[in-house]
Structures are given as C-alpha cells and as structure tokens.
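In mature numbering (1 follows the signal peptide of the UniProt record, and there is no 0), the protein residues as written are -19 to -1, 1 to 204.
Glycine is no exception: its CB is placed at the ideal position from the N, C-alpha and C atoms.
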C-alpha cells in the first residue's frame, strides 16, 4: 500500500512537471515615435561594441508584450544624481513626449535618473530616448530595477553596455547603439520592482548626459 502511494505521488509530480506552461496573450508594443531630426546617414566614427545597423530606412522589429500592459512611468516622480539639471526639468522625462528638441541635461561623468513607480510592478519593456537630434552613442547605459530606492540591495540589472566596467557596476554584455527618433526598446524580462534607475556616462557628442523620455511598460502586481 505504501509503495502504491509513493508511485501515485511520483506520477502526479511528473504530470505537473510536464504540464504545458500557461499561455500568455501577447500584443505588439505600441510606441508613438517623435519626428525624425537627423538628416542623412551620419554615423559617429570609431565606436566600439556597436550593434549592427538596420537596413536603411527600416523600423525596429515589433516587440511583443503581454496583453494589458501600460506605461507605468508616465507622470511618476523622477529623481536624479544631478539635482539641478542645466537644461530642462526632470518631470519632462515622463511627460509622454519624446520630441528631440526638448531634453534634460545632467552634468558630465556617471549620472543617473530614477523613476518611482509607486507600487511594485512586473516590467516587460523599457522605451528609452536620449538626445537624438544628431547621431550619437551614449556610453555606459545601465538600467537597474529594485524595491530599494537607494539601490543598495535587491538590485536586478536588465541592460548594461559598459563592456569594460569603467563605471564600476559590473561588466556588461549589451551593445552600444546609435541614438535615433525610434529610441531604444529594451526587454525588461518580467522583472518585478518599484524603482527603475538609468545610468549613462556622456556620449560621442559631448561629456554631458541627456534624457528626453522614458517609458516603462508593465503591470502592477496584484496584492
């Protein structure tokens, strides 16, 4: 009788392991792109670790996210390592407008902006625009998520193109990319957290750090 019971438990466990994963309905991430400002096909020279360019004139491939996601960053509270930007106001970063003529400028060196989503959420896509009125590459772009507003514990990195660890946050494997009006779509991989921090360390254009718009697409975690 005991052996039969153990065999039954083993069969149930096997069935559970082999069960098909729950199907998640996905939809195309819808992004309202700003007006393109760069004329021609200029590319910054001598850039290392650069991702492969798309075919001329082609848009990024569609990015799929679970149905029911929204931009959780819009109108949320933004803080920064540079508390007094020389251009723009921090709330412009989450105003829903990616117009390349309006930007926030932080001082040189490693700087960050941080968005408080107010509640723990499950994140699926980040849409990020730095200054895109000219073709340039921003360096040491690192995106981290945490429940800790000081990012001292429980930190998950979802993007890091600091390939030589010059910023001291770990060596990244993601590629550098050229800024454009399409921005950059980054897979957030379903990570959960309340605070999202975005680092950068100057660009091929100058040493300052510029942010135009950040969108964080996901769902609030049900309590």
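Buried or exposed: residue 142, going by 16 or more other Cβ atoms within 10 Å of its Cβ? Looking up residue 142 in the chain shown gives position 161. Under this definition residue 142 is a buried residue.
For residue 12, three-class secondary structure by DSSP: As a working note, residue 12 is residue 31 in the chain shown. Three-state result, residue 12: coil.
Outcome for residue 66 when other beta-carbon atoms lying within 10 angstroms are tallied against a minimum of 16: Sequence index remark: in the chain shown, residue 66 carries index 85 (1-based). With 16 or more Cβ atoms within 10 Å of its Cβ, residue 66 is classed as buried.
Expressed to the nearest angstrom, what Euclidean distance is found between the alpha-carbon atoms of residue 14 and residue 41? The residue given as residue 14 occupies position 33 in the chain shown. The residue given as residue 41 occupies position 60 in the chain shown. Residue 41 has its alpha-carbon roughly 11 Å from the corresponding atom of residue 14.
Using only alpha-carbon positions, find the residue among 108, 96, 76, 105 that is nearest to residue 62. Your numbering for residue 62 matches position 81 in the chain shown. Of the candidates 108, 96, 76, 105, the one whose C-alpha sits nearest the C-alpha of residue 62 is 96.
Does the distance from the CB of residue 10 to the CB of residue 156 come in under 8 Å? Taking the first residue of the chain shown as 1, we reach residue 10 at position 29. Taking the first residue of the chain shown as 1, we reach residue 156 at position 175. Cβ distance not < 8 Å, so residue 10 and residue 156 don't count as in contact.
CB-CB under 7 Å to residue 163, same chain, minus the five flanking residues each way: which ones, in chain order? Stepping through the chain shown from its first residue, residue 163 is reached at position 182. Excluding sequence neighbours, residue 163 sits near 14, 40, 41.
Does the structure place the segment 74 to 87 close enough to the segment 139 to 153 that three or more beta carbon pairs sit under 8 Å? no
Where does the unbroken beta strand (DSSP E) through residue 181 begin, and where does it stop? By 1-based counting over the chain shown, the position of residue 181 is 200. That run of the beta strand (DSSP E) goes 173 to 181.
Cβ distance (whole Å) where residue 196 is taken to contact residue 54 below 8 Å: To locate residue 196, count along the chain shown from 1; it is residue 215. To locate residue 54, count along the chain shown from 1; it is residue 73. Indeed they touch by this definition, with Cβ atoms about 6 Å apart.
Are the beta-carbon atoms belonging to residue 153 and residue 123 less than 8 Å from one another? Here the question's residue 153 lines up with position 172 in the chain shown. Here the question's residue 123 lines up with position 142 in the chain shown. Closer than 8 Å, so yes.
Three-way DSSP call (helix, strand, coil) for residue 72 in this model: Position 91 of the chain shown holds residue 72. In the structure shown, the three-state DSSP call for residue 72 is helix.
May I ask which residues mark the beginning and end of the beta strand (DSSP E) holding residue 166? The residue given as residue 166 occupies position 185 in the chain shown. Looking at the DSSP string, the run of the beta strand (DSSP E) that includes residue 166 is 165 to 168.
I need the straight-line Cα distance from residue 111 to residue 190, nearest angstrom please. In the chain shown, the residue the question calls residue 111 occupies position 130. In the chain shown, the residue the question calls residue 190 occupies position 209. Their Cα atoms are separated by approximately 8 Å.
According to DSSP, simplified to helix, strand and coil, what is residue 147? Here residue 147 refers to the residue found at position 166 when the chain shown is read from its first residue. Three-state DSSP puts residue 147 in coil, outside helix and strand.
Element boundaries [beta strand (DSSP E), containing residue 190]: Numbered from its first residue, the chain shown carries residue 190 at position 209. Looking at the DSSP string, the run of the beta strand (DSSP E) that includes residue 190 is 190 to 192.
Assumed close pair residue 121, residue 185 - CB separation to whole angstroms, cut-off 8 Å: For the purposes of this step, residue 121 is taken as the residue at position 140 of the chain shown. For the purposes of this step, residue 185 is taken as the residue at position 204 of the chain shown. Contact between residue 121 and residue 185 fails: their C-beta atoms lie close to 12 Å from each other, not under 8 Å.
Reduced DSSP secondary structure (H/G/I, E/B, other) of residue 140: Taking the chain shown and counting its residues from 1, the one referred to as residue 140 is at position 159. Residue state, collapsed to three classes: strand.
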